Amino acid sequence: MRLLSLIIWFAYPAAAMMTPPTKNVVLIGGGHAHVQVIKALNVNTRPSNVKVTLIDIQSAASYSGMVPGCVSKLYTLPQVQIQIGPLAEWAGIDFVQGKVVGMSLEDEEKKTVQVEVSDENGEVIMKDVPFDAVSVDIGSTTRDFNRIPGASQYCISTRPISDLVVRVQKEEELLKERLKNGTFKAAHFVVVGGGPAGIELSLAIRARFNDMLDSNLSITLIDSSDGLLVHEASACRKALEDVMSKYNIDVRFSLLVDEVTSSHVHVHSSKDRSSREKMPYTHIIWATGAEAHDLSWSLNKECGLAVSETRGWIQVNGYLQSLSHPYIFAAGDCCEIVNGNKKSPPKAGVYAVRSGPILIENLTRFVGANKSTQELEPYHPQDDFLKLLMCGDGTALGFRFGIPLYGKWVWKLKDYIDVMFMDLFDVTKLPKLDEKKDEYDTAQYDAAIERPPPMAVDKAAELLLRTDDDVDFHRAWNVLRDMMADDKYKNDVLAIASVSLGKQRSEII
Numbered sequence: 000m001r002l003l004s005l006i007i008w009f010a011y012p013a014a015a016m017m018t019p020p021t022k023n024v025v026l027i028g029g030g031h032a033h034v035q036v037i038k039a040l041n042v043n044t045r046p047s048n049v050k051v052t053l054i055d056i057q058s059a060a061s062y063s064g065m066v067p068g069c070v071s072k073l074y075t076l077p078q079v080q081i082q083i084g085p086l087a088e089w090a091g092i093d094f095v096q097g098k099v100v101g102m103s104l105e106d107e108e109k110k111t112v113q114v115e116v117s118d119e120n121g122e123v124i125m126k127d128v129p130f131d132a133v134s135v136d137i138g139s140t141t142r143d144f145n146r147i148p149g150a151s152q153y154c155i156s157t158r159p160i161s162d163l164v165v166r167v168q169k170e171e172e173l174l175k176e177r178l179k180n181g182t183f184k185a186a187h188f189v190v191v192g193g194g195p196a197g198i199e200l201s202l203a204i205r206a207r208f209n210d211m212l213d214s215n216l217s218i219t220l221i222d223s224s225d226g227l228l229v230h231e232a233s234a235c236r237k238a239l240e241d242v243m244s245k246y247n248i249d250v251r252f253s254l255l256v257d258e259v260t261s262s263h264v265h266v267h268s269s270k271d272r273s274s275r276e277k278m279p280y281t282h283i284i285w286a287t288g289a290e291a292h293d294l295s296w297s298l299n300k301e302c303g304l305a306v307s308e309t310r311g312w313i314q315v316n317g318y319l320q321s322l323s324h325p326y327i328f329a330a331g332d333c334c335e336i337v338n339g340n341k342k343s344p345p346k347a348g349v350y351a352v353r354s355g356p357i358l359i360e361n362l363t364r365f366v367g368a369n370k371s372t373q374e375l376e377p378y379h380p381q382d383d384f385l386k387l388l389m390c391g392d393g394t395a396l397g398f399r400f401g402i403p404l405y406g407k408w409v410w411k412l413k414d415y416i417d418v419m420f421m422d423l424f425d426v427t428k429l430p431k432l433d434e435k436k437d438e439y440d441t442a443q444y445d446a447a448i449e450r451p452p453p454m455a456v457d458k459a460a461e462l463l464l465r466t467d468d469d470v471d472f473h474r475a476w477n478v479l480r481d482m483m484a485d486d487k488y489k490n491d492v493l494a495i496a497s498v499s500l501g502k503q504r505s506e507i508i
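Quick note, the sequence shown lines up with residues 0 to 508 if you use numbering that gives the first Met the number 0.
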């Protein structure tokens, strides 16, 4: 038997010493889903034959949910940024800082991502990054910013997020200088776009500049629809209307922008195109919602990547896998889930966050780096979610299950959730990678939070509708989570809350 073994070894030395082939996983973008992939696929957890590369044009990624709070000065810019470069280094992942311009897919065995990077002399060169599986999580850009005449020249865009914060900071410095030298007269901010981003930024501008400018500050929010957040329950929309009134935000509906000049935004009515108006401004913020990055369109044109016909979203199936290229995955705002008759979820950060664990499973299974199974796991987006809008002054407005939530406790809850997520990727708080692990961390970031037995339904309803400063946000969040977990409990709480809501809504805000 020993002689036979030696004969086999000498005859087939390569087979005797065979190691698994290298599998390359490439992550394009440091979005909310990918930061979870980076952390999970660290060098002590992934197999030794799996190499992971992150590509992003920036070394820090802004967490969108905290940016209005940053504009309000409730956070500093570093507090709302995930340092993806250091995070990749902690995880033992290669980080290529550059701009993705294409993919080479002709040779199935030599697929590469093409990246423009700067060499040591500052010259732009092309770098080819090989991959067996690639995932795209690049978010979105601002809709119509480059289409409407004058918008890109005169407006402050919400994308890139870090640029938004820096631009607002510069405008504040200029206003202070004008106040100092006596040339200031008044500031009129116009925010274009009545979605959650536009609403929060309107409130953020009020919070940031109100004390400095007082009565010399006016803010107008313009939207193309007939009302703000028209898909929310009437009680929630009424609460939002009250908030906008309380903070003196002038909201104009059914307006479409034709052009932006240096002093006016030209609009027309969405109901009557002949009804036109020139609205003066001193500062204008473009917050019109999501639009696909040019990369999606270029990959569609050059490689045949499936994208939605009119919007350019990368089309994926229920496993977050490209409809046209099975080795390409996508998550977050940049993709559209095509899954039978199910509607793709809206562009909201919560869906990118919740898809992270699914992406971890499916990328590792696709390249054979998962011990459990090779079958991909479906992503089931939740039908609705807790929406939290900061008001800029230490209060917030929330919507869940059709009821409005308001007060300092709502802001404390929002801050707690956001900071908890951010802390997961703070390398100063991460452990040293000094021991091997057999399983990837695919738990939802808030899954480990324990909670006591459910509160009595009448007390739960009363708690959620309170707006005083003594509300314990932990208890209120427990109620919301219990409602999500138990339909009967939810319905019982809502039945009581709906009765109370009609009686006290006028007094809440």
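We treat Cβ as the ideally placed atom computed from N, Cα and C, and that holds for glycine. Values in this document were obtained by computation on a predicted structure and should not be read as measured data.
Residue i burial status per 10 Å Cβ neighbour count (16 or more: buried)
i: ASP210; result: exposed
i: MET125; result: exposed
i: ASP486; result: exposed
i: ALA185; result: exposed
i: ILE448; result: exposed
i: GLN35; result: buried
i: ASP519; result: For the chain, the structure presents residues 0 to 508; residue 519 sits outside this window and is missing.
i: ASN247; result: exposed
i: LEU174; result: buried
i: SER71; result: buried
i: MET102; result: buried
i: GLU438; result: exposed
i: THR260; result: exposed
i: ARG142; result: buried
i: PHE9; result: Summary for PHE9: the model assigns pLDDT 47, below 50, so the residue's position carries little reliability; its value from the coordinates is reported in the next sentence. Burial call: exposed.
i: ASP422; result: exposed
i: TYR74; result: buried
i: PRO279; result: exposed
Rounded distance between the beta-carbons of residue j and residue i, thought under 8 angstroms
i: HIS267; j: ARG275; result: 5 angstroms
i: TRP408; j: ALA475; result: 6 angstroms
i: LEU200; j: ALA286; result: 6 angstroms
i: GLY30; j: ILE137; result: 6 angstroms
i: PHE472; j: LYS386; result: Contact doesn't hold; Cβ gap of about 16 angstroms is too wide.
i: PHE130; j: VAL116; result: That belief does not hold up - the Cβ atoms of PHE130 and VAL116 are roughly 16 angstroms apart, past 8 angstroms.
i: TYR318; j: GLU376; result: 7 angstroms
i: LYS128; j: VAL24; result: A small fix is needed here, since residue 128 is Val in this sequence, not Lys. Their Cβ separation, rounded to whole angstroms, is 11 angstroms, which puts VAL128 and VAL24 out of contact at 8 angstroms.
i: ALA351; j: ALA39; result: Not a contact, Cβ separation roughly 15 angstroms.
i: SER134; j: ILE27; result: 7 angstroms
Per DSSP, cross-strand counterpart(s) of residue i
i: ALA60; result: ILE81
i: GLY406; result: ALA395
i: LYS342; result: Its beta-bridge partners do not exist; DSSP assigns none.
i: CYS334; result: ILE313
i: THR141; result: ALA289
i: ARG509; result: This structure cannot settle anything about residue 509, because the visible part of the chain is limited to 0 through 508.
i: HIS267; result: LEU255, ARG275
i: LYS411; result: DSSP output for LYS411 lists no bridge partner at all.
i: PHE472; result: Answer by DSSP bridge pairing: none, since PHE472 is not bridged.
i: PRO20; result: Looking at the DSSP assignment, PRO20 forms no beta bridge with any residue, so it has no partner.
i: GLU199; result: DSSP output for GLU199 lists no bridge partner at all.
i: GLY101; result: GLN113
i: HIS187; result: SER217
i: ASP127; result: GLN113
Other residues of its chain near residue i: CB distance less than 8 angstroms, five sequence neighbours each side excluded
i: SER161; result: GLN57, ALA59, SER61, LEU76, GLN80
i: SER4; result: Residue confidence is low: SER4 scores 49 on pLDDT, short of 50, so the model does not pin down where it sits. No coordinate-derived value is stated.
i: ASN41; result: TRP89, ALA90, GLY91, ILE92, LEU432
i: SER321; result: LEU304, ALA305, ILE313, GLN314, VAL315, ILE327, PHE328, ALA329
i: ARG205; result: LEU216, ILE218, TYR246, ASN247, ILE248, GLY391
i: ARG177; result: PHE183
i: THR21; result: ASN48, VAL49, LYS50
Close-in-space but distant-in-sequence residues of the same chain around residue i (CB under 6 angstroms, 5 per side omitted)
i: ILE221; result: VAL191, ARG251, LEU254
i: ALA14; result: Confidence in ALA14 is poor, its pLDDT being 46 and thus under 50, which makes the residue's placement unreliable; the coordinate value appears in the next sentence. So the list is empty, once near-sequence residues are dropped.
i: ASN145; result: SER151
i: ASP457; result: ILE495
i: ALA459; result: VAL478, VAL492
i: SER269; result: SER223, SER253, LEU255
i: GLY97; result: VAL114, GLU115, VAL116
i: PHE420; result: TYR444
Neighbourhood of residue i by C-beta distance below 7 angstroms, restricted to the same chain and skipping five residues each side
i: ALA442; result: PRO356
i: ALA395; result: LEU387, LEU388, MET389, VAL409, TRP410, LYS413
i: ILE6; result: With a pLDDT of only 46 at ILE6, under the threshold of 50, the placement of this residue in the model should not be trusted, and no figure is reported.
i: TYR11; result: With a pLDDT of only 49 at TYR11, under the threshold of 50, the placement of this residue in the model should not be trusted; the figure read from the coordinates follows. For TYR11, where only same-chain residues beyond five positions count, there are no Cβ hits under 7 angstroms.
Heavy atom of the ligand ATP within 7 angstroms of residue i beta-carbon
i: PHE400; result: No copy of the ligand ATP occurs in the structure displayed, which carries no ligand at all.
**Prompt:** Hey, is the segment 486-501 in contact with the segment 397-417, meaning 3+ C-beta pairs nearer than 8 angstroms?
**Reply:** yes
**Given 8 angstroms, three or more beta-carbon pairs between the segment 78-91 and the segment 49-58** = yes
**Asked** With a cut-off of 8 angstroms, do at least 3 Cβ pairs link the segment 448-461 to the segment 476-484?
**Response** yes
**Message:** Under 8 angstroms, with one C-beta from each stretch per pair, do the segment 334-354 and the segment 373-383 reach the 3-pair mark?
**Reply:** yes
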